[in-house]
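Undergrad: There's a structure below that I have some questions on.
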Amino acid sequence: MSVTLSPSSRRFARLLALVIAVLLAVVAGTGFLGFRYWQERQAVNLAHERSRQVLETLDRLKSIIADVEAQRRGYLLTLDPSYLKAYGVSDESVRRDAQALQALVVGDPLQNHRAGHLALTVVAKLREIDDIVKTAQTSSGPAALAMIRSLDEIRSQIDQMVDHERFLLVDQEKRAEALEQRKAWLIAAAVVIVAVLAGAALLLARLEARRRRKAIAENVALHSDLLARDKKIRRLVDANIVGIIIWEVEGRILEANDAFLRMVGYDREDLTAGRLHRTMLTPPEWRDRDARIVAELRRTGTAQPFEKEYLRKDGSRVPVLIAGAMFEEGTSQGVGFVLDLTERRRAEEALRQSEERFRTLVQFSFDVYWETDAQHRFIHQEFAESLADAPATGSEIGKTRWEVPYLEPDEEAWQKHRETLDAHLPFRDFELARPAPDGSKRYVSVSGLPVFDQTGRFVGYRGVGRHITERRRAEEALRAMQAELAHANRVTAMGQLSASIAHEVNQPIAATVTNAQAALRWLRAQPPDLDEVRASLDRIVEDGKRAGNVISGIRALIQKVPSRKDWFDLNEAILEMLVLTRSEALKHGISLQTRLAPGLPMVQGDRTQLQQVILNLILNAIEAMGDLDDATRELWISTEKEAAGGVRVTVRDSGPGLDPADVERVFQAFYTTKPKGMGMGLAICRSMVEAHGGRMWASANEGGGAVFQFTLPQERDESIPAKHVRPNSAA
Ligand code: ADP
147 MSVTLSPSSR
157 RFARLLALVI
167 AVLLAVVAGT
177 GFLGFRYWQE
187 RQAVNLAHER
197 SRQVLETLDR
207 LKSIIADVEA
217 QRRGYLLTLD
227 PSYLKAYGVS
237 DESVRRDAQA
247 LQALVVGDPL
257 QNHRAGHLAL
267 TVVAKLREID
277 DIVKTAQTSS
287 GPAALAMIRS
297 LDEIRSQIDQ
307 MVDHERFLLV
317 DQEKRAEALE
327 QRKAWLIAAA
337 VVIVAVLAGA
347 ALLLARLEAR
357 RRRKAIAENV
367 ALHSDLLARD
377 KKIRRLVDAN
387 IVGIIIWEVE
397 GRILEANDAF
407 LRMVGYDRED
417 LTAGRLHRTM
427 LTPPEWRDRD
437 ARIVAELRRT
447 GTAQPFEKEY
457 LRKDGSRVPV
467 LIAGAMFEEG
477 TSQGVGFVLD
487 LTERRRAEEA
497 LRQSEERFRT
507 LVQFSFDVYW
517 ETDAQHRFIH
527 QEFAESLADA
537 PATGSEIGKT
547 RWEVPYLEPD
557 EEAWQKHRET
567 LDAHLPFRDF
577 ELARPAPDGS
587 KRYVSVSGLP
597 VFDQTGRFVG
607 YRGVGRHITE
617 RRRAEEALRA
627 MQAELAHANR
637 VTAMGQLSAS
647 IAHEVNQPIA
657 ATVTNAQAAL
667 RWLRAQPPDL
677 DEVRASLDRI
687 VEDGKRAGNV
697 ISGIRALIQK
707 VPSRKDWFDL
717 NEAILEMLVL
727 TRSEALKHGI
737 SLQTRLAPGL
747 PMVQGDRTQL
757 QQVILNLILN
767 AIEAMGDLDD
777 ATRELWISTE
787 KEAAGGVRVT
797 VRDSGPGLDP
807 ADVERVFQAF
817 YTTKPKGMGM
827 GLAICRSMVE
837 AHGGRMWASA
847 NEGGGAVFQF
857 TLPQERDESI
867 PAKHVRPNSA
877 A
């Protein structure tokens, strides 16, 4: 087990070691110095003692020699043998002391040499004195004096030795004194060092005490922090929002919360019995992946979130998202977080299916699905492959080169479309042309809805497009057919009206002839009445114009002209048709009544087509009333302003009328009750009115007879495709 120290503890330990090392060094040093002092002291003491003994011996030697001298001199002067009593004793002790002295100064070469010399001198002198003493009877005073002189030599040798020894003694005392001083210094230094070390130790101890107090406080804080964290983690585990497991890295699951147990369908008993193991929970095909994750865990300590499946106790599978981390480096346990992905998978699957349904729906309903960004640039298109000419991704609506060559719809419509886009409004069935790869025109009808994000910010459009080229062609073919039919219908009507028309033309011609004859008459008069001539000519011009108008009206109706779009006065157009039919009505005894509203707004559309509608209605009414035996035959034609804007035209007759069941049927193509009828008149009329954005219907007249009405919008709605009124450039 390794113990980790805090940085402050480590610092303290280092300081302590240093102090102990210094202390040990000081103790060793002091011991060494003390030992040296003791040795030196011992040596000094020894030398001192020896010097003292040397001096004592020398003293003794000196007094013995003095005794010997006194005895010998006494004997020599008196020749009294009593002086010689202790003679032998003195000789012996002199010899002994001289030897002892030699032994004492053996360590001092100079003294040793002197002592040796002294001993030899003493022995020689004593023998010399003995000789003198033996010859004392014969010799006299001079011998004694010589003897004394020879003893003086010994004395001076002894004195030399004494001086030397005293000098040594003084030196030894000085050394002893110096040693004593050193001892005092040593003690003082030791005291100071010990005091300093004691102070340092005290300081360290106090620092350590403070550090420990702090560490304890920190530990307490840490502990309570740990407790709080533990509580939080416990809360997370118990909240069962996610599955939490504690595992051994080799696979055993040691702990798990209820969320996890629920997920895998095991209970707590299985867990405590140690029956939960990764290998057992993992389907075989996931095991390799697991092994890689475990390797990563061992290497890095964490496993990034990854998806896998667990096997439930009942054998079913549950998709999960799992992530894990080892507790600490060197341990074999860790914690894992497990999220049940079943719901998400289900939602994803539902989303996928819904998208599939949507795709199928769109695919069968539309030719293309598209999306644009906030700048109206295409960002996404689907099924566009069917449109070989689909706009490129990134190109802007209305700004692609495709729209320009034809500019269909026209510039104004494009402008309006652009305004709709910029106002982020929905649009429907905007029809535009683009060139197909073979150069032919293709028509596409597009619809789009603006898309806003959660904050209400516009992010672009989503929409669909449909190929309408085929439809356009069919419509064009139908239009051409209708035009043919309408023409045929008009020609037929003209045939019906031929007598009446002849009459209408005849009348102004007859009047012209009459007026011309009158003019001639006024010219022949004397004097000619030129005013009357002028009046007659004016009438001729009027009649000529009238006839011309009738003819041009007929021409317009019979001529095959492409449909046009003009502003015109509806009342005037109706009056022209009344002129054409007046005679026919009169022939059948029908009274024609009109109530044309003054100040009627101008209408926009194809004048000839609308005149044909009116003509058809009038002729039908005349025909219906023609079969009546004798009854009032009346035809009312009126125009009025609609409350909602626009105009309404009513053609009412007093004929047999319509069965309520037939009010719709009469508009069906080929429905006729007439032996020579085509049954196309009313069908054509209705389609023409509707092409102008209006409505046409029939009803029973209250007083008997039929009522046919149609409306036209006052202002043409721009959303109505222009196809019905534009000249057909493809034709
Ligand atoms: P056609 O005139 O060739 O029969 P139409 O479409 O003009 O074709 O008329 C269809 C039918 O509607 C007529 O055959 C007739 O039965 C009925 N019908 C038309 N106008 C009137 C009317 N004013 N009164 C009664 N029936 C009418």
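Numbering (my numbering), first residue to last: 147 to 877.
We put the CB at the ideal spot given by N, CA and C, even for glycine.
Remember, it's a predicted structure, so these values are computed and weren't measured experimentally.
#1: Do you know offhand how far residue 189's Cα is from residue 165's?
#2: Output the distance between the C-alpha atoms of residue 878 and residue 682, rounded to the nearest integer angstrom.
#3: Say yes only if the C-beta of residue 119 is nearer than 7 Å to one or more non-hydrogen atoms of the ligand ADP, and no if none qualify.
#4: Under the assumption that residue 593 contacts residue 573 (Cβ atoms under 8 Å), give the Cβ distance between them as a whole number of angstroms.
#5: Residue 362: buried (16+ other C-beta within 10 angstroms of its C-beta) or exposed?
#6: What are the complete alpha helix (DSSP H) segments, minimum 4 residues, inside the stretch 678-745?
#7: Which residue comes first and which comes last in the alpha helix (DSSP H) that contains residue 522?
#8: How would you call residue 446, buried or exposed, if buried means at least 16 neighbouring beta carbons within 10 angstroms?
#9: Does the Cβ of residue 746 lie closer than 7 Å to at least one heavy atom of the ligand ADP?
#10: With burial defined as no fewer than 16 other Cβ atoms inside 10 Å of the residue's Cβ, what is the status of residue 430: buried or exposed?
#11: On a CA-only basis, which of 837, 694, 811, 384 is nearest residue 845? Give me that one, please.
#12: For residue 471 and residue 400, what's the separation of their Cα atoms in angstroms?
#13: With DSSP run on the structure shown, which of helix, strand or coil describes residue 483?
#14: Identify, in the order they occur along the chain, each residue of the same chain with its Cβ nearer than 8 Å to the Cβ of residue 292, setting aside the five sequence neighbours on each side.
#15: Fully enclosed by the stretch 764-796, which beta strand (DSSP E) runs are 3 residues long or longer?
#16: In three-state terms, what does DSSP make of residue 157?
#17: What did DSSP end up calling residue 241 once you bin it into helix, strand or coil?
#18: Could you give the distance in angstroms between the alpha-carbon of residue 501 and the alpha-carbon of residue 394?
#19: When the Cβ atoms of the stretch 262-277 are set against those of the stretch 168-182, are three or more pairs found closer than 8 Å?
#20: Measuring straight from C-alpha to C-alpha, what distance separates residue 798 and residue 620?
#21: For residue 365, count neighbouring C-beta atoms within 10 Å of its own C-beta (all shown protein chains included) and say buried if the count is 16 or more, exposed if not.
#22: Can you grab the Cα-Cα spacing for the pair residue 694 / residue 651, in whole Å?
#23: Measuring only the C-alpha atoms, how far is residue 422 from residue 414?
#24: For residue 748, collect the residues of the same chain with a Cβ closer than 7 Å to its Cβ; drop the 5 residues on either side in sequence, then sort them by chain order.
#25: Exposed or buried, what is residue 280 when buried is set at 16 or more other beta-carbons lying within 10 Å of its beta-carbon?
#26: Compute the Euclidean distance between the alpha carbons of residue 668 and residue 676, then round it to the nearest angstrom.
#27: State the start and end residues of the unbroken alpha helix (DSSP H) segment that holds residue 276.
#28: Between which two residues does the beta strand (DSSP E) carrying residue 459 extend?
#29: Take the Cβ of residue 212 as the centre, count every other Cβ of all protein chains shown within 10 Å, and call the residue buried at 16 or more, exposed below.
#30: Under 7 Å from any heavy atom of the ligand MN, does the C-beta of residue 677 make it?
#31: Give me, in chain order, the residues of the same chain whose beta-carbon lies closer than 7 Å to that of residue 543; leave out the 5 immediate sequence neighbours on both sides.
#32: May I ask you to report which of helix, strand or coil DSSP gives residue 571?
#33: Quick check on the DSSP output: the alpha helix (DSSP H) that includes residue 649 runs from which residue to which?
#34: Would you check whether the ligand ADP has a heavy atom nearer than 7 Å to the C-beta of residue 792?
#35: In terms of residues, what are the limits of the beta strand (DSSP E) holding residue 811?
#36: Work out the CA separation of residue 342 and residue 248 for me, nearest whole Å.
TA: With the given structure in hand:
#1: The alpha-carbon of residue 189 is positioned some 36 Å away from that of residue 165.
#2: The displayed coordinates of the chain run from 147 to 877. Any statement about residue 878 would go beyond what the structure contains.
#3: The displayed coordinates of the chain run from 147 to 877. Any statement about residue 119 would go beyond what the structure contains.
#4: At roughly 6 Å, the Cβ-Cβ gap stays under 8 Å, so residue 593 and residue 573 are in contact.
#5: Counting other Cβ atoms within 10 Å of its Cβ, residue 362 stays below 16 and is therefore classed as exposed.
#6: Fully enclosed alpha helix (DSSP H) runs of no fewer than 4 residues occupy 716-733 of the stretch 678-745, in order along the chain.
#7: Note, residue 522: premise wrong, no alpha helix (DSSP H); not H, not E.
#8: For residue 446, the number of other beta carbons within 10 angstroms of its own is below 16, and it is reported as exposed.
#9: Outside the cutoff, so no.
#10: By the beta-carbon neighbour count (other beta carbons within 10 angstroms, threshold 16), residue 430 is exposed.
#11: For residue 845, the nearest C-alpha among the options comes from 811.
#12: Going from the Cα of residue 471 to the Cα of residue 400 covers about 15 Å.
#13: Note: residue 483 maps to strand in three-state DSSP.
#14: Same-chain partners within the cutoff: 278.
#15: Correct list: 780-787.
#16: Correct three-state label for residue 157: helix.
#17: If DSSP states are grouped into helix, strand and coil, residue 241 belongs with the helices.
#18: A straight-line Cα-Cα distance of about 43 Å links residue 501 and residue 394.
#19: Because the criterion of three Cβ pairs below 8 Å is not met, the stretch 262-277 and the stretch 168-182 do not touch.
#20: Annotation: residue 798 to residue 620 spans about 35 Å, alpha carbon to alpha carbon.
#21: Residue environment for residue 365: exposed (fewer than 16 other C-beta atoms within 10 angstroms of its C-beta).
#22: Taking the straight line from one Cα to the other gives about 8 Å.
#23: Roughly 10 Å separates the two Cα atoms.
#24: Once the five neighbours on either side are set aside, the close Cβ partners of residue 748 are 713, 714, 715.
#25: With fewer than 16 other Cβ atoms within 10 Å, it is exposed.
#26: Going by the C-alpha atoms only, they are around 7 Å apart.
#27: Here the alpha helix (DSSP H) through residue 276 covers 255-280.
#28: Segment: none, residue 459 is in no beta strand (DSSP E) and carries neither H nor E.
#29: Flag for residue 212 reads exposed.
#30: With respect to the ligand MN, the structure shown offers nothing to examine, as its ligands consist of the ligand ADP.
#31: So the list reads 518, 522, 567, once near-sequence residues are dropped.
#32: Coil at residue 571, not helix or strand.
#33: Unbroken alpha helix (DSSP H) run through residue 649: 615-670.
#34: No, the beta carbon of residue 792 sits no closer than 7 Å to any heavy atom of the ligand ADP.
#35: Note, residue 811: premise wrong, no beta strand (DSSP E); not H, not E.
#36: Between residue 248 and residue 342, the C-alpha separation is close to 53 Å.
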